[in-house]
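Beneath this line is the structure, given in structure tokens, with notes to follow.
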Amino acid sequence: MSRLDYKPPVSDLLTYGSCREVDRQATSEQSERIVNKILAAGPEEVGRVNLAHFRQRIEPATWPDYPEELGLTQAHVPELIGMAADDDLNWADGESTEIWAPIHAWRCLGLLRADEAVDPLIGLLGDEDADWLLEEIPWVLALIGEKAIAPITLYLANRGKPEECRIAMVSTLEYIAVLHPELKESCIGKIASQLADYAHNPESLNGFLVCSLVQLKVTSKASLMGRAYGAERVDDTICGNWPQVQIDLGIATADDFTPEELDSYDFRWVHESELAKEKKAFSALAPSALALSALSLELPAELPDGLSAQQREGTMPSGKTVHGFGETSNSAKGNKKKAKKKKR
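If you're matching positions, the sequence shown starts at 1 in the numbering used here and goes up one per residue.
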């Protein structure tokens, strides 16, 4: 569908522009209203998991209430699906407002709980320019809820899919468990079932599976998590080592472990900055550590690539860093969205 074929009110999404700018304009009152609207869709009698904590982590809180603003209804869903996958828009000029329209469209699909959008949205995963997809599609699918669980589970179990996209599906199941508490046990079962295949999962995927179970306070799967850690199949830069996980789950305390056990893992930032690499290379060439120190080789406080001081030094604190209710920043969306270059 050409960008010229869209009709109001869907065509109005072509003019919304940068999602970052739109989100920054959300007031606390607007955010509270849309969160309440999202949560009100579920059964009132079903308790939600740590909701007081999670309210502040619900990303759609900063989205515009597109259906209310534009009068969007279920009748517009087919056109919105087309816009979300529109190659013309995804290939648009990176400085244009139109390039943001697919993101606005998939947000609308989530807020409309469009069941028929599940498969097309999952089909978007794996794109080269995936930052916004990996951040937002889990939320969109989570808003849709029950109809998304089966396709998500199949995608998650597919070893041929990109690892980062499988991790995004783990987050989706976690989000569904919170936004739709009546589906919590089903989502926990799917996450645990995938973790049971820890011997064949990538270690980082296991780390995120564990982290979602920890976020949901699933103590019933502690033995499974322990086996995965015991087999050394969990990347503990994701959610901490096994003692830390037990403490976070509330099934142990720090007093149950020695300082060595609690501090046994030296967290390392997986992606070293180029300057850190240069420092390491220079260190290898220096005649001694003392000589290197005498040269006062230092890294600047602000790196061009935006890494923090902890990342610059090659360390990072324990805890979930991406994809999940535990995160505190949207680092994946820190860069300006660029025109996608899809492989033909």
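Where is the CB? At the ideal position from N, CA and C, for every residue including glycine.
Quiz item: If you draw a straight line from the alpha carbon of residue 83 to that of residue 111, how long is it in whole angstroms?
Solution: 15 angstroms
Practice problem: Check each candidate in 109, 71, 64 and name the one with the smallest Cα separation from residue 81. | Solution: 109
Practice problem: Leaving out five residues on either side along the sequence, give the residues of the same chain with a beta carbon under 6 angstroms from the beta carbon of residue 20. | Solution: none
Quiz item: If you draw a straight line from the alpha carbon of residue 192 to that of residue 236, how long is it in whole angstroms?
Solution: 17 angstroms
Quiz item: Would residue 96 be called buried (16 or more neighbouring beta carbons within 10 Å of its own) or exposed?
Solution: exposed
Exercise. Grab the span of the alpha helix (DSSP H) containing residue 139 for me, first residue to last.
Key: 131–144
Quiz item: In or out: residue 13 buried (at least 16 other Cβ within 10 Å) or exposed?
Solution: buried
Self-check item: Three-state class that DSSP yields for residue 126 in the structure shown
Solution: coil
Quiz item: Got a sec, what are the start and stop residues for the alpha helix (DSSP H) residue 30 sits in?
Solution: 28–39
Quiz prompt | Which listed residue (219, 22, 35) has its alpha carbon closest to that of residue 354 | solution = Any question about residue 354 goes unanswered here, given that the chain covers just 1 to 344.
Practice problem: Give the secondary structure of residue 91 by DSSP, where H, G and I count as helix, E and B as strand, and everything else as coil. | Solution: coil
Quiz item: From which residue to which residue does the alpha helix (DSSP H) around residue 81 run?
Solution: 77–84
Exercise. Look at the Cβ atom of residue 6, then the Cβ atom of residue 100, and state whether they are nearer than 9 angstroms.
Key: no
Quiz item: Taking the alpha helix (DSSP H) that residue 206 falls in, what are its first and last residues?
Solution: 203–215
Self-check item: Member of 188, 233, 161 whose CA lies at the smallest distance from the CA of residue 172
Solution: 188
Quiz item: Where does the unbroken alpha helix (DSSP H) through residue 190 begin, and where does it stop?
Solution: 184–195
Quiz item: Cα separation between residue 289 and residue 260?
Solution: Model confidence at residue 289 stands at a pLDDT of 31, short of 50, so the residue's coordinates are unreliable; what they give is reported in the following sentence. Approximately 27 angstroms between the Cα atoms of the pair.
Quiz prompt | Three-pair Cβ contact test at 8 angstroms for the segment 177–188 versus the segment 154–169 | solution = no
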